[in-house]
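Protein chains in written order, with this note's numbering: chain E, 1 to 462; chain A, 463 to 821. The beta carbon of each residue, even a glycine, is placed where N, CA and C say it ideally should be. Encoded as structure tokens, the structure appears first; notes follow it.
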Amino acid sequence: MNRATQGSEPIPEFDVLVAGGGNAGLCAALSAAELGARVAVVECAPREFRGGNSRHTRNLRRRSEAYPEGEYFNDLLRVTESETNQELARLAIRGSETSIDWMRARGVHFQPSLRGTLHLDRTNAFFLGGGKALLNAYYAAAERMGVRVFYNAEVLDLDIHSGRFEAARVSWNGAPVEIRAKALVAAAGGFESNREWLEEIWGEPARNFLVRGTPYNQGKVLGLLLEKGVDPIGNPAQCHAVAVDARAPRYDGGIVTRLDCLPLGIVVNQRAERFYDEGEDLWPKRYAIWGRLVAQQPEQIAFSLIDSKALGLFMPSVYPAVRGDSIPELAANLGLPGEGLDTTVRRFNAAVQPGAFDHTTLDQCRTLGLTPEKTHWARALDTPPYFAYPLRPGITFTYLGVKVNQNAEVLTTRGPAANVLAAGEIMAGNILGKGYLAGIGMTIGTVFGRIAGREAAHRAGH
Amino acid sequence: MPDTKADQALGEGARILTICNACRYCEGYCAVFPALERRLSFSAADLNYLANLCHHCGECYYACPYAPPHEFAVNVPKTLAEIRVASYRQYAWPAPVGAWLAPVAFLIGLAIWIVVERARGGPGLPADFYGLIRHGTMAGVFGAISLFVLVAFLAGLVQLWRESGQRFARLLDLSALRRAAWDVFTLKYLEGQGRGCTYPDESHSRTRWWFHQLTFYGFLSCFASTTVAAIYHYVFGWKAPYAYLSAPVVLGTLGGIGLLVGPVGLLWLKQRQDEATRAGQQNRLDIAFIALLFLTSATGLALLAFRATAAMPALLAVHLAIVLALFVTLPYGKFVHSIYRAAALLRYALEQSGEEKTV
């Protein structure tokens, strides 16, 4: 089959095929099209859900006078514990600053940092309206440039021989088609929505994980590239997960399912026992450990308990708190052992040391004589009514990816592939080997998307 | 009788704004989002306020990761439009009125002018308008209607402000008034930082801003024309019709052109509005209002053009009947949005300045 057709319309050969219609894919498509390349984007979601996890983003971490390269780089070294390709990291950091004007020129607008995110004001640029608005601007720009977008188009297989891409077999609206191109940009994200894959790694508990983003990140393109001999990067058994409201939908709950009240009270598991220091560090820094912590609890569920003193100190959640006028009543409403919870709370209250409470700093309110201790913001749970939120691990992204070089070329044991580039989450593991830094996903996607688009256009003769 | 449709809209509003409050990505678009973020829950009064603050630009719908077909099905413009329409009914004094009022008022108006004209002795070509219809009759009829309209507006405003829980004295807060006036006169929230808004569809356009400004300033210009003419008449004793280059005629003509182009443009855009953000229940008086604005202007300009011909008496009667219908329906149709929107913007300015003082 040389020329695929759907209905009567033949699909022409393109210069550049971009697999994945998120931020990285669109940056690549625009960059290639602006160099004169004929570009196609295959997006496996329908138009309404296009854009992968970029739909749920809201900012990009960028170098600036106020946030110099050295500080940015050190922040990255800290969160990744130096699991980063320093050359690529510096490339991303430098590219982040110049990308702002590039984004503006393609219709992205920015806004002052959102309320409740003041700690990111200096380091991150916020998209007006968030990630979906950014995607809308890019898709509109791509349309003006004549980029062909195939929705409901899932890559089934890639013809790659000796590092040379020839064509992609795609299921487009349920019908198999072949799309040929002179270069491929793989920008199709990780595998965090693929239940089977998750279960292979984490076993049965993975069934109870919630996926915070798109259900379309099945890791198909990632899996195919690894199968065809592309070098992997990043820990295949790690994912970034936070604690989200257990009542969130299984997919796509996004930002509104997060819970910010954990440090303000105690967190217990199904046996009504505490299991970790809720006051270890300021919330933004500790936000990300709770996904794994909850995943390690029985049935992968936990409960964040607060009393009335904590109301108004955290961002409201989308789901109403479970309420009780006494601890036993709260336990009953949560389905927890009443006596057990009562004992846990009484022991906690008895261990709380006096101190001046300040939830915005590492204050001196702590417990003494508990296992585990709560080292900051420890206040007795003594002011009814009491409130609780059920928690589950919410996966944001996976770390496994494909290895790339500074030209976004994917690497094989025989060196860079001839015409296969990668950008975005699928190669983020080169830079973010561990941990997370708010807004760096969009930085990597934008900078490497632009590089990949440019390189792909070059390989197609533009 | 419980208004179930209105209650449904309020319930839906509270549901989706709770999601917005946990998300906040749209904060930079307009006043609605910073205003809702000051609240933890959404009462009917809160929702009426936010609904009247919303300019229905559509931005937040297209930017929303939770918009349908997402299971959260967040659709802020549509839901707030439904609440807004219901709030117009709630505030209407002495009671909400259906679209039938427009043609009925027109016919009554026509009847008045014809009867008056007959009583004056029938056809002929009088030297001036008042040879046809006595100035006293015209001023009396319109004076009474204007008084009624004014009372109805005030009654609506009082209800809205009382519901807001704000003190009435705050309506006169000068710095907040200045801010709100700026937002009204620049039509800030349809201007979208220069790129316009996503209306009637997903692409950005300033078209609606232009058509609305033409309508708004056209209306103000016509109002100014009438005011100047009244001053000429009562203060200086100068009788209409006035010269083509006189202030009332120039103001009226410019305003009339604005009121021809603006409403037609708005109506045209409305027909092309994205189904997704369109309110389920549309007030037909909204369309009647836009149509009456256009007809007022069209017959007014026709009167100007043919005022020296035999068509003048009939044109005058029709024009005055349309103006009468426009006036009578003002408190029950789209026009009230100018009062409630301005009041909501004023309240927003008050909340803003309150926040600045506490920070």
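- The residues Thr84, Asn85, Leu88, Ala89, Ala92 and Ile444, in chain order, have a CB closer than 7 Å to that of Ile431/E in the same chain once the five nearest residues on each side in sequence are set aside.
- Taking a Cβ-Cβ threshold of 8 Å, none of the residues of chain A is close to Ile306/E; the smallest such distance is about 15 Å.
- As for any alpha helix (DSSP H) of minimum length 4 sitting wholly inside the stretch 373-455 of chain E, the runs are 425-428, ordered along the chain.
- No Cβ-Cβ contact shorter than 7 Å links Gly174/E with Glu425/E.
- At a cut-off of 4 residues, the continuous stretches assigned as alpha helix (DSSP H) that sit fully inside the stretch 694-765 of chain A are 709-733.
- Two segments are said to touch when three or more pairs of C-beta atoms, one from each, lie closer than 8 Å; by this definition the stretch 64-80 of chain E does not touch the stretch 41-51 of chain E.
- Contact between Leu156/E and Asn23/E does not hold, since the beta-carbon distance rounds to 24 Å and is not under 8 Å.
- Beta-bridge partners assigned by DSSP to Leu158/E: Ala168/E.
- In the DSSP annotation of this structure, the continuous segment of the beta strand (DSSP E) that includes Ile179/E starts and ends at Ala175 to Ala186.
- Listed by position along chain A, the residues whose Cβ is nearer than 8 Å to that of Arg55/E are Pro527.
- Ile752/A is positioned such that its CB atom lies closer than 7 Å to that of Leu728/A.
- Straight-line measurement puts the Cα of Cys522/A at about 7 Å from the Cα of Tyr491/A.
- Contact between Ile481/A and Val322/E is absent: CB atoms are separated by about 19 Å, not below the 8 Å threshold.
- In the DSSP assignment, Asp245/E is bridged to Leu391/E.
- Not a single C-beta of chain A is nearer than 7 Å to the C-beta of Arg323/E.
- For the stretch 55-78 of chain E, the residues whose beta carbon sits under 7 Å from a beta carbon of chain A are, in order, Arg55, His56 and Arg58.
- Those residues of the stretch 246-262 of chain E placed with their C-beta closer than 9 Å to a C-beta in chain A are Pro249, Asp252, Gly253, Gly254, Ile255, Val256, Thr257 and Arg258, ordered along the chain.
- The beta carbon of Thr413/E sits closer than 8 Å to the beta carbons of Gly229 and Asp231 from its chain, once the five residues preceding and following it are set aside; these are given in chain order.
- Within chain E, no C-beta atom comes nearer than 9 Å to that of Ala497/A; the closest sits roughly 12 Å away.
- Burial check for Thr648/A: the Cβ neighbour count within 10 Å stays below 16, so the residue is exposed.
- Using a CB distance cut-off of 7 Å, Gly473/A does not count as an interface residue toward chain E.
- For Val18/E, no alpha helix (DSSP H) segment is defined; the enclosing uninterrupted segment is the beta strand (DSSP E) at Phe14 to Ala19.
- Straight across, the Cα-Cα distance linking His240/E with Ser317/E is about 21 Å.
- For Gly36/E, the three-state secondary structure derived from DSSP is coil.
- Secondary structure of Pro496/A (DSSP, three-state): helix.
- Around the beta carbon of Tyr276/E, 16 or more other beta carbons sit within 10 angstroms, so the residue counts as buried.
- Its chain contains Gly338 and Leu341 as the residues whose beta carbon lies nearer than 6 Å to that of Ala331/E, once the 5 sequence neighbours on both sides are disregarded; these appear in chain order.
- Counting C-beta pairs with one atom in each stretch, the stretch 484-503 of chain A and the stretch 620-638 of chain A have fewer than three that are closer than 8 Å, which means they do not touch.
- Within the DSSP bridge table, the entry for Phe127/E names Phe110/E as partners.
- Under a criterion of Cβ atoms nearer than 7 Å, the residues of chain A adjacent to Glu48/E are, in order, Pro531.
- Distance from the Cα of Arg144/E is smallest, within the candidate group Gly70/E, Glu200/E, Arg104/E and Glu34/E, for Glu34/E.
- One Cα belongs to Val697/A, the other to Ala770/A, and the distance between them is close to 26 Å.
- Under the 10 Å beta carbon count, Trp730/A is surrounded by fewer than 16 other beta carbons and is classified as exposed.
- Listed as beta-bridge partners of Leu777/A by DSSP are no residues whatsoever.
- Secondary structure note for Ala310/E: it is in no alpha helix (DSSP H), with a DSSP letter that is neither H nor E.
- Thr214/E is positioned such that its CB atom lies no closer than 7 Å to that of Ala272/E.
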